Each structure stands twice: as C-alpha cells, then as structure tokens.
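Participant: Residue numbering for the sequence shown follows UniProt numbering, beginning at 1 and increasing consecutively.
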Amino acid sequence: MSDGREPRGTALVSGASSGFGARIAQVLSSRGYAVIALARRAERLKTLAEEDPFRAILPVVADVRDPDSLERALSELPVEYRDISVLVNNAGLSKGFGPLQQGSPPHWREMIDTNVTGLLNLTEIVLPRLVARGSGHVVNVGSIAAEYPYMGGNVYAATKAFVHQLSLNMRVDLQGTGVRVSCVAPGMARTEFAQVRYEGDAERAEALYADVTPLTADDVAQGVAWCLDRPPHVNVNMIELMPADQPFGLGFAGSRNSGAGAPDEHDAS
C-alpha cells in the first residue's frame with residue numbers, strides 16, 4: 001500500500017456506526033484491512049468513512065435483522081471489497097433491566113432478532129465465501145453476561161450464551177476449511193450501549209460507571225485485532241475482557257442502585 005500499511009484483506013464489521021463496531025473498523029483500517037462498515041445509521045457510517053485517514057472504510061447501510069437488505073447490500077459491493085476474509089459479528093443490543101417476571105416481550109424479541117437471528121443472517125451469507133476461499137476468520141462479539149449471571153440479565157445474557165456456544169460449534173464445523181473462529185467477550189465498557197438500554201436516559205446510564213473504570217471501545221477493538229493477528233496455526237477460542245475493578249456481573253453501581261447490573265456495553269446494529 002502506498003500509505004505504508006501491509007495489505008491484510010477485507011473485513012466486514014457489523015454494528016459499525018458506534019461503540020465497539022466503529023472502533024473495530026478504525027483499528028482494522030489502520031492495520032491494513034479494507035473495511036466494510038455495516039450498520040443501519042447512514043450518517044454515522046458516512047462520518048466514520050470520511051474521518052478514516054486511510055480511506056479504507058466503505059460504509060454499507062443494512063439491517064442484520066433483514067436478510068433481504070443484507071443480500072442486496074453485499075451483492076452491490078465494489079469489486080475491490082468482495083473478497084471478504086474477516087467477519088466481525090458485532091451488531092447487538094440490550095433492552096431493559098428488570099427481572100424476567102417484569103420483562104417486556106417486545107424488548108425480548110428485539111434482542112433475539114438482533115443478537116441471535118441477525119448474527120445468523122449475516123453469517124449465512126458471508127461464511128460460505130470464507131470456506132470457498134479456503135481461509136478466513138470469524139470474530140463474534142459476545143459478553144461476560146453469557147457466563148456470569150446478574151440481576152436483570154436474563155434474555156440478553158441468554159442471547160450472548162448463544163453467541164458463545166455457536167462460536168465453539170462453528171469452530172468444530174469448520175475444521176479443515178482454513179477458517180478460524182473466535183469470540184471476544186467484554187465486560188463493562190463506556191459506549192452509548194447503556195443509553196440504548198435505558199431508553200436514552202443518560203443520567204441513569206452514567207450512574208452505572210460510578211464504582212468502575214470501564215473498558216473503552218479501543219480495548220475491545222484491540223482484542224479483536226489481537227485474535228486476527230495470531231499465526232494461521234493458532235485459533236483463539238475465547239477472550240474475556242473486564243475492568244480490573246469489576247467483580248464479574250455483580251457489585252457495582254448499576255446492580256446496587258437500580259436492582260440490576262450491566263456487565264457489558266455492546267453496540268446497536
């Protein structure tokens with residue numbers, strides 16, 4: 001590359017309009033990847049692409065919950081972005097904090113449609129391409145909520161347990177194909193995820209961080225990049241990233257003051 005970066009291939013990052021996804025796109029671009037930044041919010045994606053100093057980020061507007069929009073968007077990729085070698089399934093969200101018996105079925109469906117079905121929709125399209133090319137890497141962004149229960153986690157945590165178990169089973173299914181699979185599971189991080197969960201209540205979202213120095217989006221992006229940087233014979237199955245002062249899913253401001261915790265901060269699609 002004329003800018004001095006070593007070419008690494010093409011990475012597709014979902015949920016790339018904010019938080020983890022936006023930073024993952026930036027970090028991968030800086031490391032030599034051509035990046036397809038996929039999300040619903042066109043203006044956010046446009047800004048992300050325009051601010052990339054390497055001009056390597058292609059904004060693609062699509063909703064992971066809508067298979068037709070994904071098929072259409074990926075069929076229209078420029079030729080130079082079609083040979084996808086990395087898929088980062090980052091799009092996800094959480095809605096609501098209450099115990100299951102006080103939960104909202106519409107919130108449950110939105111989480112399942114995005115975190116589970118949306119991930120499968122995109123993987124269904126991209127994974128055969130990786131297998132056909134004989135090499136590639138899928139990184140699924142999970143959550144420590146999949147492993148460590150906390151008050152109010154219920155459906156969100158269950159969707160992330162699905163992501164963790166799917167990642168391990170994908171690795172088995174892909175033996176001998178040259179395609180690696182990793183899962184990166186963050187703990188509490190400072191992104192706009194908490195505001196989404198609290199329906200835009202910034203004050204309540206900020207209170208979650210009272211006792212913790214949270215992860216940053218860059219911490220998570222660097223974890224994803226580290227998985228991708230391992231030699232071809234090394235597969236990183238799972239990484240858990242947590243703030244040093246977060247005692248797993250419990251014991252911080254959100255769980256004590258509001259009756260619920262927030263063990264990770266993930267990105268809306």
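Cβ coordinates follow ideal geometry from the N, Cα and C atoms, glycine included. Fair warning: this is a prediction, and the values are worked out from it, not measured in the lab.
#1: For D68, tell me which candidate among G118, E51, A42 has the shortest Cα-Cα distance.
#2: Suppose only complete runs of 4+ residues qualify. What are the alpha helix (DSSP H) ranges in the stretch 109-165, listed by chain order?
#3: Can you list, in chain order, the residues of its chain whose CB lies under 8 Å from that of N235, leaving out five sequence neighbours each side?
#4: In the structure shown, what three-state DSSP assignment does G9 receive?
#5: In angstroms, rounded to a whole number, what distance separates the CA positions of V138 and E203?
#6: Can you check the stretch 10-45 for any alpha helix (DSSP H) of at least 4 residues that lies completely inside it and give the ranges in chain order?
#7: When burial is assigned at 16 or more other CB atoms within 10 Å of the CB, is D63 buried or exposed?
#8: To the nearest angstrom, report how far apart G96 and C227 are at their CA atoms.
#9: For R65, I'd like the list of residues in its chain whose CB is within less than 8 Å of its CB, leaving aside the five on either flank, ordered along the chain.
#10: Distance, Cα to Cα, S143 vs P231?
#11: Under 8 Å by Cβ, that's how I've got A22 and L48 pegged, so tell me the actual separation to the nearest angstrom.
#12: Is A56 close to chain B, meaning its C-beta is less than 7 Å from at least one C-beta of that chain?
#13: Look up A185 in the DSSP assignment and say whether it is helix, strand or coil.
#14: For E240, write down the residues that DSSP places opposite it in a beta bridge.
#15: Quick one: Cα of D173 to Cα of N140, how far?
#16: How long is the line joining the alpha carbons of Y148 and H233, rounded to whole angstroms?
#17: Hey, quick one: how far does the beta strand (DSSP E) through S85 stretch, first residue to last?
#18: Taking Cβ positions, are A189 and L166 nearer each other than 7 Å?
#19: Quick check on this structure: which residue in D229, N237, M242 has the alpha carbon closest to the alpha carbon of L28?
#20: I need the straight-line Cα distance from I57 to L168, nearest angstrom please.
#21: How should P59 be labelled, buried or exposed, when 16 other C-beta atoms within 10 angstroms of its C-beta is the threshold for buried?
#22: Can you give the Cα-Cα distance for K46 and Q26, rounded to whole angstroms?
Facilitator: This is what the structure holds:
#1: Sorting G118, E51, A42 by C-alpha distance to the C-alpha of D68 places G118 at the top.
#2: Runs of the alpha helix (DSSP H) lying entirely within the stretch 109-165 and spanning at least 4 residues, in chain order: 119-133.
#3: The answer, listed in chain order, is R171, R180, V181, S182.
#4: In this structure, G9 counts as strand in the three-state DSSP scheme.
#5: Spanning the alpha carbons of V138 and E203 requires a straight line of approximately 36 Å.
#6: With a minimum length of 4 residues, the continuous alpha helix (DSSP H) runs that stay inside the stretch 10-45 are 19-30.
#7: So D63 ends up on the buried side.
#8: Roughly 31 Å separates the two Cα atoms.
#9: A distance below 8 Å between beta-carbons, with the five flanking residues on each side excluded, links R65 to the following residues of its chain, in chain order: D113, T114, T117, G118, N121, S269.
#10: Using only the alpha carbons, I get a separation of about 25 Å.
#11: The beta-carbon separation of A22 and L48, rounded to 6 Å, stays under the 8 Å limit for a contact.
#12: Considering every chain present, this structure includes no chain B. It has just one protein chain.
#13: Here DSSP, grouped into helix, strand and coil, assigns A185 to strand.
#14: In DSSP, E240 forms a bridge with A185.
#15: Straight across, the Cα-Cα distance linking D173 with N140 is about 15 Å.
#16: Within the model, the alpha-carbon separation for Y148 versus H233 is close to 30 Å.
#17: Where S85 is concerned, the enclosing beta strand (DSSP E) stretches over 84-89.
#18: Against a cut-off of 7 Å, the Cβ pair of L166 and A189 comes out as no contact.
#19: Nearest in C-alpha terms to L28, of all of D229, N237, M242, is D229.
#20: Going from the Cα of I57 to the Cα of L168 covers about 29 Å.
#21: Flag for P59 reads buried.
#22: Between the C-alpha atoms of K46 and Q26 there is a straight-line separation of about 13 Å.
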